Every structure is written in C-alpha cells, then in structure tokens.
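S.K.: The structure is given below, and queries will be raised subsequently.
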Amino acid sequence: MRTKTILALLLFFSVSCVKEIEMKKQYIEKRLVLNGLICPDSLIAVKVSKTTSILDNYIEYIDNANVKLFCNDTLLENLTYSSKGRYASKTVYPTENNYYTVEVELEGYPTIRATDTVPEKTFITYGTHSSGNTYDEYGDPHHDYEITIADKSKRNFYELFFIDQYFPNEYSDHYYINFQWGITFADPVLRADSELDFSPLTYVFSDNHFNGSDYSMYNKFLAASVGYKFNQPIAPTENDRYAILRTTTSVYYNYRKFWLRHKNNQQVGDIIEEPMFSTHIGEPVPMYSNVENGYGIFAAYNQTIYKLKEQ
Numbered sequence: 001m002r003t004k005t006i007l008a009l010l011l012f013f014s015v016s017c018v019k020e021i022e023m024k025k026q027y028i029e030k031r032l033v034l035n036g037l038i039c040p041d042s043l044i045a046v047k048v049s050k051t052t053s054i055l056d057n058y059i060e061y062i063d064n065a066n067v068k069l070f071c072n073d074t075l076l077e078n079l080t081y082s083s084k085g086r087y088a089s090k091t092v093y094p095t096e097n098n099y100y101t102v103e104v105e106l107e108g109y110p111t112i113r114a115t116d117t118v119p120e121k122t123f124i125t126y127g128t129h130s131s132g133n134t135y136d137e138y139g140d141p142h143h144d145y146e147i148t149i150a151d152k153s154k155r156n157f158y159e160l161f162f163i164d165q166y167f168p169n170e171y172s173d174h175y176y177i178n179f180q181w182g183i184t185f186a187d188p189v190l191r192a193d194s195e196l197d198f199s200p201l202t203y204v205f206s207d208n209h210f211n212g213s214d215y216s217m218y219n220k221f222l223a224a225s226v227g228y229k230f231n232q233p234i235a236p237t238e239n240d241r242y243a244i245l246r247t248t249t250s251v252y253y254n255y256r257k258f259w260l261r262h263k264n265n266q267q268v269g270d271i272i273e274e275p276m277f278s279t280h281i282g283e284p285v286p287m288y289s290n291v292e293n294g295y296g297i298f299a300a301y302n303q304t305i306y307k308l309k310e311q
C-alpha cells in the first residue's frame with residue numbers, strides 16, 4: 001500500500017510540473033544549415049537548408065544560394081545546384097593534406113562558412129572474420145573480427161565498421177548493405193572511446209592508446225546486422241565481408257559522438273512507455289557544429305576498404 005501511495009504521489013508531481021506553452025514560429029532564429037562530408041573518392045557536394053520550428057517535421061531546403069568552394073583559401077568554383085538542397089562540384093575531388101572551405105550566401109541571412117582538412121589515409125594491414133568459435137544463449141554463432149591498423153605518428157581519429165553487401169538484381173535497383181551489430185566483446189580502445197552504451201553501428205575512436213604504432217584490434221559480435229538501401233556500393237564486391245576504416249578529423253569525430261548522444265536522448269516514438277517517467281529521462285545534448293554563423297557540419301575523411309579473410 002505504501003509503495004502504491006508513493007508511486008501515485010510521484011505521478012501527481014510529474015503531471016503537475018508539466019506546463020503547456022504556445023510555440024510562436026515567428027521567433028525562430030533565422031540561420032542557414034550546411035551539411036557535407038567530403039572524401040577523396042567523391043566529388044565535393046553539400047546540402048543547404050535553413051532552420052525551422054521544432055513543430056515542423058520537414059527540412060526546408062535552399063535552392064537559390066550562392067555556394068562557393070575554396071581550397072587553401074583559393075576560390076575554385078561556385079557549386080552547382082541539383083535538387084533537395086544539394087550543391088556539387090563538377091570537377092573537384094578533395095585531396096590529402098589540403099583544407100577546403102565552403103561559403104554560403106543567401107539574401108536575408110548571415111553568410112556562413114566552414115572549413116576542414118582532408119586527413120592522410122591510414123591502412124588496414126591485416127584482417128580476418130570468423131564465426132562459430134563461441135555461441136550465444138540461443139545457440140547462434142558469434143562473429144569475430146580482428147584487424148591490424150598501421151597508425152601514423154600524429155594524432156589520428158577513426159571511424160570503423162564491418163559490412164557485407166548485395167548488388168542490384170531483378171527485384172531491386174538498390175545496393176543492400178548490412179552493418180554488423182551487437183558487439184558483445186569490445187576491444188579496450190573501443191570500450192574507452194566509442195559510446196558503446198548507445199549500441200552504435202559504427203565506432204569512432206582516437207589513437208590515444210597506440211599512437212604511431214601498429215595496433216591489432218579484436219571485437220566479437222552477435223549474429224545480427226542492420227541493413228540499409230544505398231544508391232552506390234561501399235565495397236567493390238558482394239557476398240564478402242569488409243572492414244571499413246575511415247581516417248577522420250577532429251571535426252568529424254566530435255560531430256559523430258555528439259550526434260550519437262543527441263539521437264539516443266530524443267524523447268520520440270515509442271521509447272517512452274510509462275507516462276510517469278516522460279519528464280525525467282533523456283538529457284538535452286547540444287549538437288557540435290563547425291559552421292560559422294550557422295548550423296550543421298562540414299567534415300572530411302579518408303577511407304580504407306579491406307576485404308576480410310575468412311577463417
């Protein structure tokens with residue numbers, strides 16, 4: 001009886017602390033939003049939109065901005081608009097150790113700009129995949145991955161994930177890419193730096209624990225994957241397993257970590273099932289941005305694709 005009384009009081013105070021307020025869209029801060037990831041494998045492209053109300057469930061893309069691309073402070077070209085806020089270069093593939101700046105001008109808005117440097121590629125020198133060495137409580141085999149990273153002697157940031165993929169066929173025009181998910185034993189480097197509590201599909205980390213040396217990393221996963229449709233493949237062949245290692249910048253690293261925390265603290269969907277807890281879970285997480293006078297992210301990475309040996 002005492003327990004029921006306490007729960008009733010908690011529910012009462014939770015409800016009584018909720019105040020309905022009127023949202024006025026005219027007070028929305030007018031800012032442009034720039035989003036783009038660049039790597040040497042692809043022509044430079046970004047998306048431009050603008051801030052909207054938290055009550056809106058759509059992105060308001062910009063189709064009439066002046067978007068300039070610079071390399072090492074030298075103007076290269078004005079990016080060309082295609083659709084859904086996308087502006088792309090016709091000729092420029094980013095190259096290692098050069099820094100690129102995108103500047104966006106639109107009447108009525110502050111000019112925004114963002115800069116990042118393309119990092120040198122770090123290579124995987126060895127990698128294996130095996131399954132059936134151990135099993136979970138349901139009798140399904142675990143998947144074991146081991147890779148060796150040839151880290152350079154400077155501060156490096158990384159993103160790592162494991163995939164297999166299927167090419168288009170008579171039933172679909174898309175590439176289906178499966179991301180290995182459900183890590184059960186994580187390498188110490190990932191345990192120290194990769195937000196594992198949020199069950200990510202990709203793992204961001206730094207070389208703090210192995211700077212300038214070869215590092216062998218071992219991880220064990222459930223027999224589980226999460227699949228997505230893509231218009232382009234990530235790896236060159238299908239039905240094979242790959243380790244994808246992205247050498248990133250601190251901008252990319254910080255954005256991915258902040259985004260993961262932000263995504264997992266949103267009180268949306270069916271995550272909240274008990275109304276008495278609705279005002280007590282999730283912490284507001286400000287998003288990281290390197291865009292001056294605006295929002296979003298413009299970051300660079302370099303990518304190694306390694307076909308894993310089956311054991």
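Numbering (this note's numbering), first residue to last: 1 to 311. Note that the Cβ used here is the ideal one computed from N, Cα and C, for glycine as well. Note that the coordinates shown come from a computational prediction; the quantities given were computed from them, not determined experimentally.
Is the Cβ-Cβ distance between Leu-330 and Phe-205 less than 9 Å?
M.R.: Nothing can be reported for residue 330, as the shown portion of the chain is limited to 1 through 311.
S.K.: Three-state secondary structure (DSSP) at Phe-210?
M.R.: coil
S.K.: Considering only residues of the same chain and omitting the five flanking positions on each side of Pro-141, which have a CB-CB separation below 7 Å?
M.R.: Ser-131, Gly-132, Tyr-135 and Ala-223
S.K.: With a CB to CB cut of under 6 Å and the five nearest residues on each side skipped, what residues in its chain are close to Ile-38?
M.R.: Ile-44, Pro-94 and Ala-300
S.K.: Could you tell me the alpha carbon to alpha carbon distance between Asn-302 and Thr-51, rounded to whole angstroms?
M.R.: 30 Å
S.K.: Ile-244 and Ile-305 - do their beta-carbons sit closer together than 9 Å?
M.R.: yes
S.K.: Flag this pair as touching only if the segment 246 to 264 and the segment 165 to 182 have three or more C-beta atom pairs under 8 Å; answer yes or no.
M.R.: no
S.K.: Runs of 3 residues minimum, wholly inside the segment 165 to 224: which ones carry the beta strand (DSSP E) assignment?
M.R.: 175 to 185 and 203 to 206
S.K.: Would you list the one or two residues that DSSP bridges to Ala-299?
M.R.: Note: Ala-299 sits in a beta bridge opposite Leu-37.
S.K.: Could you pull the start and end residues of the beta strand (DSSP E) that Lys-50 belongs to?
M.R.: Per DSSP, the continuous beta strand (DSSP E) segment holding Lys-50 begins and ends at 45 to 50.
S.K.: Taking all protein chains shown into account, decide if Val-104 is buried (16 or more other Cβ within 10 angstroms of its Cβ) or exposed.
M.R.: Buried.
S.K.: When burial is assigned at 16 or more other CB atoms within 10 Å of the CB, is Ala-65 buried or exposed?
M.R.: buried
S.K.: If you run the structure through DSSP and keep just helix, strand and coil, what is Lys-229?
M.R.: strand
S.K.: Hey, would you say Asn-219 sits closer than 9 Å to Asp-187, going by beta carbons?
M.R.: yes
S.K.: Can you find the residues in the same chain that come closer than 6 Å, C-beta to C-beta, to Tyr-203, ignoring five residues on each side of it along the sequence?
M.R.: Leu-160, Leu-190 and Ser-194
S.K.: Who are the near neighbours of Cys-71 in its chain, counting only those whose CB is closer than 7 Å to its CB and skipping five residues on each side?
M.R.: Asn-98 and Tyr-100
S.K.: With distances taken between CB atoms, is the gap from Phe-69 to Val-48 smaller than 9 Å?
M.R.: What sits at residue 69 in the sequence shown is Leu, not Phe. No, these two residues do not count as a Cβ contact at 9 Å.
S.K.: Can you pull the DSSP bridge partners for Gly-127?
M.R.: Ile-147
S.K.: Over the uninterrupted beta strand (DSSP E) stretch that includes Asn-290, give me the two end residues.
M.R.: Asn-290 -> no beta strand (DSSP E), and no H or E assigned at all.
S.K.: Ser-289: buried (16+ other C-beta within 10 angstroms of its C-beta) or exposed?
M.R.: buried
S.K.: By how many angstroms is the C-alpha of Thr-74 removed from the C-alpha of Lys-90?
M.R.: 17 Å
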